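A.B. asks: Attaching a single structure in structure tokens format; questions to follow.
Protein chains: 2
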Amino acid sequence: MNAIKKSVGEKTRALILEKGLEMFREAGFEAATIRDIAKSAKVATGATYYYFPSKEAIVAAYYDHVQVTHEAKVRELILGETDLRERLGIVIHSKLDILKDDRKFLGALFRYTGEPDHPLSVFGKGTKSQRAHSAGLFREAIADVEITDELRQLLPWALWMMHLGAILFFIYDESAEQRRTRALVNGVLDLVTQFLKLTSAPVIRTFLQPFQGKMLGILKEAGWLLES
Amino acid sequence: MNAIKKSVGEKTRALILEKGLEMFREAGFEAATIRDIAKSAKVATGATYYYFPSKEAIVAAYYDHVQVTHEAKVRELILGETDLRERLGIVIHSKLDILKDDRKFLGALFRYTGEPDHPLSVFGKGTKSQRAHSAGLFREAIADVEITDELRQLLPWALWMMHLGAILFFIYDESAEQRRTRALVNGVLDLVTQFLKLTSAPVIRTFLQPFQGKMLGILKEAGWLLES
DNA sequence: ATCCTGTGTTGAACACGTTCAAGTTATGCC
DNA sequence: GGCATAACTTGAACGTGTTCAACACAGGAT
Numbered sequence: 001m002n003a004i005k006k007s008v009g010e011k012t013r014a015l016i017l018e019k020g021l022e023m024f025r026e027a028g029f030e031a032a033t034i035r036d037i038a039k040s041a042k043v044a045t046g047a048t049y050y051y052f053p054s055k056e057a058i059v060a061a062y063y064d065h066v067q068v069t070h071e072a073k074v075r076e077l078i079l080g081e082t083d084l085r086e087r088l089g090i091v092i093h094s095k096l097d098i099l100k101d102d103r104k105f106l107g108a109l110f111r112y113t114g115e116p117d118h119p120l121s122v123f124g125k126g127t128k129s130q131r132a133h134s135a136g137l138f139r140e141a142i143a144d145v146e147i148t149d150e151l152r153q154l155l156p157w158a159l160w161m162m163h164l165g166a167i168l169f170f171i172y173d174e175s176a177e178q179r180r181t182r183a184l185v186n187g188v189l190d191l192v193t194q195f196l197k198l199t200s201a202p203v204i205r206t207f208l209q210p211f212q213g214k215m216l217g218i219l220k221e222a223g224w225l226l227e228s
Numbered sequence: 229m230n231a232i233k234k235s236v237g238e239k240t241r242a243l244i245l246e247k248g249l250e251m252f253r254e255a256g257f258e259a260a261t262i263r264d265i266a267k268s269a270k271v272a273t274g275a276t277y278y279y280f281p282s283k284e285a286i287v288a289a290y291y292d293h294v295q296v297t298h299e300a301k302v303r304e305l306i307l308g309e310t311d312l313r314e315r316l317g318i319v320i321h322s323k324l325d326i327l328k329d330d331r332k333f334l335g336a337l338f339r340y341t342g343e344p345d346h347p348l349s350v351f352g353k354g355t356k357s358q359r360a361h362s363a364g365l366f367r368e369a370i371a372d373v374e375i376t377d378e379l380r381q382l383l384p385w386a387l388w389m390m391h392l393g394a395i396l397f398f399i400y401d402e403s404a405e406q407r408r409t410r411a412l413v414n415g416v417l418d419l420v421t422q423f424l425k426l427t428s429a430p431v432i433r434t435f436l437q438p439f440q441g442k443m444l445g446i447l448k449e450a451g452w453l454l455e456s
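Protein chains in written order, with my numbering: chain F, 1 to 228; chain R, 229 to 456.
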């Protein structure tokens, strides 16, 4: 058998990641210290920095894993589902399902939102490929729907933004099981799909034309829409 | 003359604020240390914490001042302007005018976006009154336009969100004089005002009705729309 | 067997934001 | 003026994330 052998380093990394998340879940991101995590993983304090460039990077690594899990889940659930509204619901709700027990430390991902040059900035260059990847799921979800070229370029980005907003709202949501977030998502998705149906009407299309063009131009200029 | 006398403390506070911003502007938020700022203001290191609960709070105090300035500017410019598109443009662009030289440290305001309980969280309870105040400017800007009650409640919040997005985009915008942000804002405002004109048509109104109601319900539940 | 190189690992040291007990100064009251 | 209290100021100390020179060790080349 071709069993995959983890190198020593990979095992240590995985251990630090695991123990780190464990402590973040228990105590929250701030309260769990690097020293605690290292101790819990039975390595020296500095070892963490051989594998992760910062404390937040541990959460980022977690989120990378979330993305992989999410993609697999979406591919599984979306198979054979042809209704647009359902497909979009699957993408967003399955993401929230994955994140649901980790709202406590998820906020750390937003820490560098306002710092364009930080490697972990949500909108920065360092996370561009992950954004593209995530938007790709939405691109696939709308693949079969008939819309203008402009919308086909804009929508994945817009939906990704919405999904980001949903995650934020999710973090703040104190309602039981975060039902409010689910309802909000459903409401917005209803609107979006109904709106998309309307765009088949020429009146609406000409109404939106100049706006779409302008938005596309600006976002492309700004390097937002070059996703593969 | 009834000259306003600043107490000793108020002068120190003002000095720390002034020197702090000076250093943030020069070096950026991270690079400027509390020790540097204190030294520059000729006080002890700890003095800062008598006036500001944290380093970020200095930026927050700056932003409070920005809000005051902004409100004054808007009241001045909006007088006699009856066109909705123009009024909205005034509100957002004058804000960007005020912020334009401070993009370097403005990002600090977004540091706690993902932490609901932090006093400086953008969406948290600690900043609720400021959100309400800021949204109030938009409420006034749309005061004379004829729209449904639901829209009148939703719009100030939606516009405030847009304006927040504009500030974020502004921070990331590397184009000369941040022209991209200005163009984006103009494009979105064009769309919004044209859309609002459309809502006078009954077709559109019935289309949006259920969505508006749902949104209002969720946002009110979540404590977002209780603004004075 | 010995050396060499790359991969891991260590823990002390650093700089930073923040706290706080101890002081000092201003202010209102008699 | 003298006193009491509140307002303000100090700087050492704490805990934190992070860095780094030094060390350990595997395993391939000679």
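Using N, Cα and C, we set each Cβ at its ideal position, and we do this for glycine too. What you are looking at is a predicted structure, and each value in this text was computed from that prediction instead of being measured.
Measuring CA to CA, which of F:Ser129, F:Gln194 and F:Leu106 is closest to Ala60 (chain F)?
C.D. replies: Walking along the first sequence from the start, residue 60 (chain F) turns up at place 60. Of F:Ser129, F:Gln194 and F:Leu106, the residue nearest in Cα terms is F:Leu106.
A.B. asks: So that I know if they touch, is there some Cβ in chain F lying closer than 9 Å to that of Lys283 (chain R)?
C.D. replies: On the second sequence, residue 283 (chain R) is found 55 positions in, with the first residue counted as 1. Answer no: the Cβ-Cβ gap between Lys283 (chain R) and chain F never drops below 9 Å.
A.B. asks: Taking Cβ to Cβ, would you say Phe110 (chain F) is nearer than 9 Å to Thr421 (chain R)?
C.D. replies: Position 110 of the first sequence, counting from 1, holds the residue named residue 110 (chain F). Position 193 of the second sequence, counting from 1, holds the residue named residue 421 (chain R). For Phe110 (chain F) and Thr421 (chain R), no; Cβs fall outside 9 Å.
A.B. asks: Below 7 Å on C-beta distance, what does Tyr172 (chain F) contact in chain R?
C.D. replies: Here residue 172 (chain F) refers to the residue found at position 172 of the first sequence. In chain order: Pro344 and Phe351.
A.B. asks: Give the residues of chain F in contact with Asp418 (chain R), contact being defined as C-beta atoms less than 9 Å apart.
C.D. replies: By 1-based counting over the second sequence, the position of residue 418 (chain R) is 190. Correct list: Pro210, Phe211 and Lys214.
A.B. asks: Who are the neighbours of Arg410 (chain R) on chain F, taking C-beta pairs under 9 Å?
C.D. replies: Here residue 410 (chain R) corresponds to residue number 182 of the second sequence, with the count starting at 1. In chain order: nothing, as chain F lies at least about 10 Å away.
A.B. asks: Could you confirm whether any beta carbon from chain F is found closer than 9 Å to the beta carbon of Thr376 (chain R)?
C.D. replies: Looking up residue 376 (chain R) in the second sequence gives position 148. No, no contact with chain F.
A.B. asks: Measure the alpha-carbon distance for Pro202 (chain F) versus Val431 (chain R) and round it to whole angstroms.
C.D. replies: Walking along the first sequence from the start, residue 202 (chain F) turns up at place 202. Walking along the second sequence from the start, residue 431 (chain R) turns up at place 203. Near 16 Å, if we compare the C-alpha coordinates of Val431 (chain R) and Pro202 (chain F).
A.B. asks: Looking at the secondary structure, which residues open and close the alpha helix (DSSP H) in which Ser40 (chain F) lies?
C.D. replies: One-based indexing of the first sequence puts residue 40 (chain F) at position 40. Per DSSP, Ser40 (chain F) belongs to the alpha helix (DSSP H) from Ile34 to Ser40.
A.B. asks: Using 8 Å as the threshold, is the region 341 to 357 of chain R in touch with the region 131 to 139 of chain F, meaning 3 or more CB pairs across them?
C.D. replies: No, because fewer than three Cβ pairs between the region 341 to 357 of chain R and the region 131 to 139 of chain F fall closer than 8 Å, the two stretches do not touch.
A.B. asks: Using 8 Å for Cβ pairs, my map puts Ala266 (chain R) next to Ala275 (chain R). What's the rounded Cβ distance?
C.D. replies: Counting from 1 along the second sequence, the entry for residue 266 (chain R) is found at position 38. Counting from 1 along the second sequence, the entry for residue 275 (chain R) is found at position 47. About 6 Å; that satisfies the 8 Å criterion.
A.B. asks: Label Leu21 (chain F) either buried or exposed according to how many other C-beta atoms from any shown protein chain fall within 10 Å of its C-beta, with 16 as the threshold for buried.
C.D. replies: Walking along the first sequence from the start, residue 21 (chain F) turns up at place 21. It counts as buried.
A.B. asks: At 8 Å on the CB atoms, spell out the chain F contacts of Ala336 (chain R), in chain order.
C.D. replies: Looking up residue 336 (chain R) in the second sequence gives position 108. Simply Gly114.
A.B. asks: Here's a check: name, in chain order, each residue in its chain whose Cβ is nearer than 8 Å to the Cβ of Gly256 (chain R), leaving out the five neighbours to either side.
C.D. replies: Mapped onto the second sequence, residue 256 (chain R) falls at position 28. Within the same chain, Gly256 (chain R) has close Cβ partners Lys332 and Phe333.
A.B. asks: Check whether the Cβ of Glu246 (chain R) lies closer than 9 Å to any Cβ atom in chain F.
C.D. replies: Within the second sequence, numbered from 1, the residue matching residue 246 (chain R) stands at position 18. So no, Glu246 (chain R) is outside the interface.
A.B. asks: In its own chain, which residues sit with a C-beta less than 6 Å from the C-beta of Lys95 (chain F), not counting the 5 before and 5 after it?
C.D. replies: Numbered from 1 along the first sequence, position 95 holds the residue referred to as residue 95 (chain F). His70, listed in sequence order.
A.B. asks: By the three-class DSSP mapping on this structure, what secondary structure does Phe257 (chain R) have?
C.D. replies: Sequence index remark: in the second sequence, residue 257 (chain R) carries index 29 (1-based). Correct three-state label for Phe257 (chain R): coil.
A.B. asks: Would you report the Cα separation of Leu379 (chain R) and Thr427 (chain R), rounded to the nearest angstrom?
C.D. replies: By 1-based counting over the second sequence, the position of residue 379 (chain R) is 151. By 1-based counting over the second sequence, the position of residue 427 (chain R) is 199. Distance between the alpha carbons of Leu379 (chain R) and Thr427 (chain R) is about 10 Å.
A.B. asks: Return yes when the Cβ of Trp385 (chain R) is within less than 9 Å of the Cβ of Leu436 (chain R), no when it is not.
C.D. replies: Your numbering for residue 436 (chain R) matches position 208 in the second sequence. Your numbering for residue 385 (chain R) matches position 157 in the second sequence. Cβ distance not < 9 Å, so Leu436 (chain R) and Trp385 (chain R) don't count as in contact.
A.B. asks: List the endpoints of the continuous alpha helix (DSSP H) containing Arg152 (chain F).
C.D. replies: Walking along the first sequence from the start, residue 152 (chain F) turns up at place 152. Asp149 to Tyr172 is the span of the alpha helix (DSSP H), which, as asked, contains Arg152 (chain F).
A.B. asks: List in chain order: all unbroken alpha helix (DSSP H) runs of 4+ residues lying wholly within the region 265 to 330 of chain R.
C.D. replies: With a minimum length of 4 residues, the continuous alpha helix (DSSP H) runs that stay inside the region 265 to 330 of chain R are 276 to 279, 283 to 306 and 312 to 327.
A.B. asks: Roughly how many angstroms separate the alpha carbons of Lys11 (chain F) and Leu196 (chain F), rounded to a whole number?
C.D. replies: If you number the first sequence from 1, residue 11 (chain F) lands on position 11. If you number the first sequence from 1, residue 196 (chain F) lands on position 196. The alpha-carbon atoms of Lys11 (chain F) and Leu196 (chain F) are separated by roughly 48 Å.
A.B. asks: Which parts of the region 168 to 222 of chain F are runs of the alpha helix (DSSP H), unbroken and 4 residues or longer, counting only runs that do not cross its ends?
C.D. replies: Taking only runs of at least 4 residues, the alpha helix (DSSP H) segments lying wholly in the region 168 to 222 of chain F are 179 to 198 and 202 to 221.
A.B. asks: Would you kindly work out how many angstroms separate the C-alpha atoms of Leu243 (chain R) and Tyr279 (chain R), rounded to a whole number?
C.D. replies: Within the second sequence, numbered from 1, the residue matching residue 243 (chain R) stands at position 15. Within the second sequence, numbered from 1, the residue matching residue 279 (chain R) stands at position 51. Approximately 11 Å between the Cα atoms of the pair.
A.B. asks: Are the C-beta of Ala363 (chain R) and some C-beta of chain F separated by less than 9 Å?
C.D. replies: For the purposes of this step, residue 363 (chain R) is taken as the residue at position 135 of the second sequence. No, Ala363 (chain R) lies away from the interface with chain F (no Cβ there is under 9 Å from its Cβ).
A.B. asks: For Gly187 (chain F), which residues in chain R fall below 8 Å Cβ to Cβ?
C.D. replies: On the first sequence, position 187 is the one that residue 187 (chain F) refers to. Result: Phe439, Lys442, Met443 and Ile446.
A.B. asks: If you check the beta carbons only, do Leu189 (chain F) and Leu99 (chain F) fall under 9 Å apart?
C.D. replies: The sequence position of residue 189 (chain F) within the first sequence is 189, counting from 1. The sequence position of residue 99 (chain F) within the first sequence is 99, counting from 1. In this structure, Leu99 (chain F) does not lie closer than 9 Å to Leu189 (chain F) by Cβ.
A.B. asks: Compare the C-beta of Phe24 (chain F) against all C-beta atoms of chain R and say whether one is closer than 9 Å.
C.D. replies: Working through the first sequence from its first residue, we reach residue 24 (chain F) at position 24. So no, Phe24 (chain F) is outside the interface.
A.B. asks: Starting from the C-beta of Ala143 (chain F), find all residues in its chain whose C-beta is less than 6 Å away, skip the five residues before and the five after it, and write them out in chain order.
C.D. replies: Residue 143 (chain F) sits at position 143 when you count from the first residue of the first sequence. Here the set comprises nothing.
A.B. asks: Check whether the Cβ of Gln67 (chain F) lies closer than 9 Å to any Cβ atom in chain R.
C.D. replies: By one-based count along the first sequence, residue 67 (chain F) stands at place 67. So, not an interface residue.
A.B. asks: Given a cut-off of 9 Å, decide if Ile375 (chain R) and Leu387 (chain R) are closer than it, judged by their beta-carbon atoms.
C.D. replies: Here residue 387 (chain R) corresponds to residue number 159 of the second sequence, with the count starting at 1. Here residue 375 (chain R) corresponds to residue number 147 of the second sequence, with the count starting at 1. Their beta carbons are not under 9 Å apart, which means Leu387 (chain R) does not touch Ile375 (chain R) by this criterion.
A.B. asks: Taking the Cβ atom as the reference point for each residue, do Lys301 (chain R) and Asp264 (chain R) lie within a distance shorter than 9 Å?
C.D. replies: For the purposes of this step, residue 301 (chain R) is identified with residue 73 of the second sequence, where counting begins at 1. For the purposes of this step, residue 264 (chain R) is identified with residue 36 of the second sequence, where counting begins at 1. Result no, Cβ atoms of Lys301 (chain R) and Asp264 (chain R) do not sit closer than 9 Å.
A.B. asks: Quick one: is Arg75 (chain F) buried, meaning 16 or more other Cβ sit within 10 Å of its Cβ, or exposed?
C.D. replies: By one-based count along the first sequence, residue 75 (chain F) stands at place 75. Exposed, by the Cβ-count rule.
A.B. asks: Just to confirm the assignment, what range does the alpha helix (DSSP H) spanning Ala363 (chain R) have?
C.D. replies: In the second sequence, residue 363 (chain R) corresponds to position 135, counting from 1. Where Ala363 (chain R) is concerned, the enclosing alpha helix (DSSP H) stretches over Lys356 to Ala369.
A.B. asks: Hey, how far is the Cα of Ile306 (chain R) from the Cα of Asp83 (chain F)?
C.D. replies: In the second sequence, residue 306 (chain R) corresponds to position 78, counting from 1. In the first sequence, residue 83 (chain F) corresponds to position 83, counting from 1. One C-alpha to the other measures close to 47 Å.
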